[in-house]
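As structure tokens, the structure follows; a few thoughts come after it.
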RNA sequence: GCUCCCUUAGCUCAGUGGAUUAGAGCGUCUGUCUUCGGAACAGAAGGUCGUAGGUUCGAAUCCUGCAGGGAGUACCA
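Numbering (the numbering used here), first residue to last: 175 to 756.
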């Protein structure tokens, strides 16, 4: 709809002044109209004419075109366009665009390391990634969700030390004493990790053991050892970690990702890096293989292979990117990490683009900020004293239990609260996660919107033909059109729809524009902002207008139905359920 | 030191070239209502958009300096 109108304005400009122009429409304050454009101001300079005169001429042309109830010139030359009611109703037919149809997209997110627990940063990152993937998928992309983490390295050595300590040696059978529950197993592994990490700092003998264990794990991979006691422990606990990831994703109801363990991608990265070294695209410096970032672009130098011959994360990242490219032949890859990796990733992307010219344009790096809690305290990622993802879920769930009558809705509300609380902030900056606010039923929260939805559904349930409360789009549309025309006899002069009805309808028609914007900008928070405004608009309408039993019941029911569907769709895009009752 | 990011109401945040009153939520204060789910609605108070300049018909939004905060800055991830 918006695009169609923009073309109409551009055509009018072409007709009158013979110039091509990108007529961009914005949504002005409601009192000014449904859309506004500043083309006249743009043209003023170009044509050497007074912008107001240009606007006046355009106004004349557009006013006669039939789809506008009014066209006005305001201020220095803004054009405010108000659609006819018929046109506004017709706008309900437009759907969000599918510009990515036929394209292969990879979104890489979550990225937890094996042998460790997911912390709050992972939770935020996972929820953000899940929603972005869903937005892109809705836009038509052939979507591939991936995740990348370490299953080798010093942190694994630390954990293995703790495991052996717990088991009393290389004693794989003793693992049977650990719980069967994936989440509890993860907790057990985490305690082992903390024990190892602590003693690594404090005891030199243990430190040497951990270093040896780390090397042993590399050997297990190199020799494909599945038989030695240590190998049996390693593979089993690694699998526990993977099972735990899946269990947690299931718990928070996000789609599973294809997980690339570092051990699977390192070799490819290493091979590639050595090839690039041979080509002269990387350099040897002080015994290490490094990439010198272009200083004019403020890129720094990073080590890809250490002087000891070990691959760094840079090399492993090269490996994953290539693995994803081979597996999915992506047209675009979106990576989401914490914002401390911004500069690091710029160098890796620049290096990749040097190795494989053009691939840099196919990759986008997004970041999520640090999560703070209500008291403003930041989390430390050292030694395991981080705030765990599971603790956030548990805490919010406890609050939800307190305030909920129907405990069957516990998952819906808990996850709605958590997801919305993370998603409502613009992606990139640090955020404050307020447990109390997240579960609040008033204010800008997930449960508030879920409630707003349930409230509307209950009205629909009271309607005469409540048997099919989720009517097809066409029948809803037809109903509104029909009713406007029928009821219109007396009120035709002021346009069929009453002010409050029109105002709600106008807001509903913004939905597709907001979804498009959120997708193009990769910014899900736009949807949150919009849904909240939509709910407020509905409350205003509902406060002042009776639905059931009113003579305008048919129109209003159709509006309420359309509102509820829109809210539900929007929440669905955010991965939040919309129960019919609460 | 250098590089990048951030600074909008008491708190948490939207708004990132457009206007007529810079918007929300929470908190504070006031009103409405014998409720189609009031978990609502209406209103008030609260901001020289960190600061000083500049560009522009027009700046919270772009540029520069400064202050405060954060991150990164070669063998960690």
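Think of the CB as a built atom: it goes at the ideal place given N, C-alpha and C, for glycine as much as any other residue. Note that the structure is predicted; figures quoted are calculated from it, not measured.
Around the beta-carbon of residue 575, fewer than 16 other beta-carbon atoms lie within 10 Å, marking it exposed.
Going by DSSP, residue 435 is part of the beta strand (DSSP E) stretching over 432–435.
In the DSSP assignment, residue 605 falls within the beta strand (DSSP E) that extends over 605–607. For residue 319, the enclosing beta strand (DSSP E) covers residues 316–323.
In the structure shown, residue 254 adopts extended strand secondary structure according to DSSP, grouped into three states. Pairing residue 477 with residue 304 gives a Cβ-Cβ distance that is not under 7 Å.
Counting along the chain, residue 244 sits inside no alpha helix (DSSP H); it lies in the beta strand (DSSP E) bounded by residues 242–248.
Looking from the CA of residue 502, the closest CA among 318, 531, 735 belongs to 318. For a cut-off of 8 Å, the C-beta gap from residue 755 to residue 626 is around 13 Å, too long to register as a contact. Around the C-beta of residue 238, fewer than 16 other C-beta atoms lie within 10 Å, and the residue is accordingly described as exposed.
With fewer than 16 neighbouring CB atoms inside 10 Å of its own CB, residue 604 falls in the exposed class. A direct Cα-to-Cα measurement between residue 215 and residue 691 gives close to 24 Å. Residue 511 sits in a strand when the DSSP states are folded into three classes. Just so you know, the alpha carbons of residue 291 and residue 243 end up roughly 59 Å apart.
One thing to note: residue 421 has its Cβ within 7 Å of the Cβ of residue 356. Residue pairing for residue 537: DSSP places it in a beta bridge opposite 507.
In the three-state reduction of the DSSP assignment, residue 286 falls in the coil class, being assigned neither a helical nor a strand state. Excluding five sequence positions before and after residue 637, the CB atoms of its chain that fall closer than 6 Å to its own CB belong to 731, given in chain order. A distance below 8 Å between beta-carbons, with the five flanking residues on each side excluded, links residue 617 to the following residues of its chain, in chain order: 611. Residue state for residue 475 is assigned as strand, using DSSP reduced to three classes. By the neighbour-count criterion, in which 16 or more other beta carbons inside 10 Å mark a residue as buried, residue 591 falls on the buried side. Within the stretch 383–440, the runs of beta strand (DSSP E) at least 3 residues long that lie entirely inside it are, in chain order, 432–435. For residue 713 and residue 719, the gap between their C-alpha atoms comes out near 10 Å. Within a 10 Å sphere around the beta-carbon of residue 498 sit 16 or more other beta-carbons, which makes this residue buried. Remark: three or more beta-carbon pairs, one from each stretch, lie closer than 8 Å, so the stretch 221–239 and the stretch 247–266 are flagged as touching. When only Cα atoms are considered, residue 562 and residue 294 end up about 5 Å apart. Here DSSP, grouped into helix, strand and coil, assigns residue 612 to helix. Beta bridge pairing from DSSP links residue 465 with 476.
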